[in-house]
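**Q** Residue numbers (full-length UniProt numbering): 1 to 339.
This is the structure I have questions about; it appears just below.
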């Protein structure tokens, strides 16, 4: 496969794979392309900040001077939330002209993805976690019991924030819209899986969300059987986030009494938990169902989608854990070095 036959999406995927630590040789195997082609794409991206081909300079004279061009580039890089009108007023040209030049620079006006806010301690904990487990293999991660609760809401219409960014800058800190834990849920569920099995889906009623209820409904109701029916339960490690119900004394006492080891998990890190990808897919698939008229109907639809999830796909999600660790380490080094 030659360089010119690779689509822009494929070229950006190559850049993304390189950023999470994959070697050129491995990337070349994925795309069945020569290593030289992969190296050419990565070199072009490093020099120009984009995988797009350079455009010819012939034709009509440019409306922006070199100075205005630099001002525009600095403005959109320093404040990703500038509106098109503000940028147009800054360099005294039309919005259409500004949009043209921004596209030439590789910027697109995109919806900022929502990510939980990370302070200095959060980032340090994530980096320490990634470094502690960067040597883990796929088989090691298969022994983790990935668990999480998820809320399914109706009528939610969050405000979308648009930012100017380049293709590979989607998750840069100045290109995301931090989300904070808030809001009410209509239906809350709990689920778990390992590299070998998937748990039944647990519905947690609105009036049964105390630590004692959690132990009764989740731990004794499902987790106990899911854990001890495994061929070698001593190899399993429970993963839970830092939700208050997980840190309470009753769940802690129950885990100790049953000899269940728990994995340390850094705060505000749902992006590292592969079960979050499961919830995302479940919610996306629910959009193709008719709108539920009651909570009971919504529960039935969630259950039906959960039942369709295969172990093979869950193992694919688990296989991404080494790359997630490398991505955190790469991001941590960038923050530490101030680059």
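The C-beta atom is built at its ideal place from N, Cα and C for all residues, glycine as well.
1. Since residue 109 is in the beta strand (DSSP E), which residue starts that stretch and which ends it?
2. Under three-state DSSP, which class holds residue 212?
3. Is the region 265-277 in contact with the region 219-235, if contact means three or more CB pairs nearer than 8 Å?
4. Compare the C-alpha of residue 51 against each of 125, 63, 15 and name the closest.
5. By alpha-carbon positions, which one of 202, 138, 267, 113 ends up nearest to residue 162?
6. By alpha-carbon positions, which one of 144, 331, 73, 222 ends up nearest to residue 106?
7. Counting C-beta neighbours from all protein chains within 10 Å, is the total for residue 423 16 or more, i.e. buried, or is it exposed?
8. Would residue 313 and residue 282 qualify as a contact pair, given that the criterion is a beta-carbon distance under 8 Å?
9. Do the region 193-205 and the region 290-310 touch if we need at least three Cβ pairs shorter than 8 Å?
10. So residue 193 is in the beta strand (DSSP E); what residue range does that whole segment cover?
11. In this structure, how does DSSP classify residue 313 when only helix, strand and coil are distinguished?
12. Report yes if the C-beta distance between residue 134 and residue 329 is below 8 Å; otherwise report no.
13. Measuring CB to CB, does residue 202 end up less than 8 Å from residue 298?
14. Can you check whether the CB of residue 20 is closer than 8 Å to the CB of residue 323?
15. Between the alpha carbons of residue 81 and residue 230, how many angstroms are there, rounded?
16. Might you give, ordered along the chain, the residues of its own chain that have their beta carbon closer than 6 Å to the beta carbon of residue 122, omitting 5 neighbours on each side?
17. Can we say the region 210-224 touches the region 91-101, given the rule of at least three CB pairs closer than 8 Å?
18. What separation, rounded to the nearest whole angstrom, lies between the Cα atoms of residue 70 and residue 9?
19. Whose C-beta lies closer than 7 Å to the C-beta of residue 75 among residues of the same chain, with five residues either side of it excluded?
20. Identify the residues that DSSP records as bridge partners of residue 275: which are they?
21. Apply the 10 Å Cβ neighbour rule to residue 130 and answer buried if 16 or more other Cβ atoms are within range, or exposed otherwise.
22. Quick check on residue 325: buried or exposed, where buried means 16 or more other Cβ atoms within 10 Å of its Cβ?
23. What residue range does the beta strand (DSSP E) around residue 203 cover?
24. Put residue 164 into one of helix, strand or coil per three-state DSSP.
25. Mind checking residue 38: buried by the 16 CB within 10 Å criterion, or exposed?
26. Just the C-alpha distance for residue 239 and residue 99, rounded to the nearest angstrom, thanks.
27. Roughly how many angstroms separate the alpha carbons of residue 11 and residue 277, rounded to a whole number?
28. If you draw a straight line from the alpha carbon of residue 102 to that of residue 27, how long is it in whole angstroms?
29. For a test of the three-state rule: what should DSSP assign to residue 217, helix, strand or coil?
30. Would you mind reading off the limits of the alpha helix (DSSP H) that contains residue 348?
**A** If we stick to the structure as given:
1. It spans 107-111 - the beta strand (DSSP E) in which residue 109 sits, taken as one unbroken run.
2. helix
3. no
4. Ranking the options by Cα distance to residue 51, first place goes to 15.
5. 113
6. Looking at the Cα atoms, 73 is the closest of the given residues.
7. Absent from the structure is residue 423, since the part of the chain shown begins at 1 and ends at 339.
8. no
9. yes
10. 187-193
11. helix
12. It is a contact, given that the beta carbons lie within the stated cut-off.
13. no
14. yes
15. 50 Å
16. 267, 268
17. no
18. 27 Å
19. 82, 87, 90
20. Partner(s): none; residue 275 has no beta bridge.
21. buried
22. Taking every protein chain shown into account, the CB of residue 325 has 16 or more other CB atoms within 10 angstroms, so this residue is buried.
23. 202-204
24. strand
25. Classification of residue 38: buried, given that the 10 Å Cβ count is 16 or more.
26. Approximately 46 Å between the Cα atoms of the pair.
27. Cα to Cα, the separation comes out at about 24 Å.
28. 30 Å
29. helix
30. The chain is shown only over 1 to 339; residue 348 falls outside these bounds and no answer can be derived.
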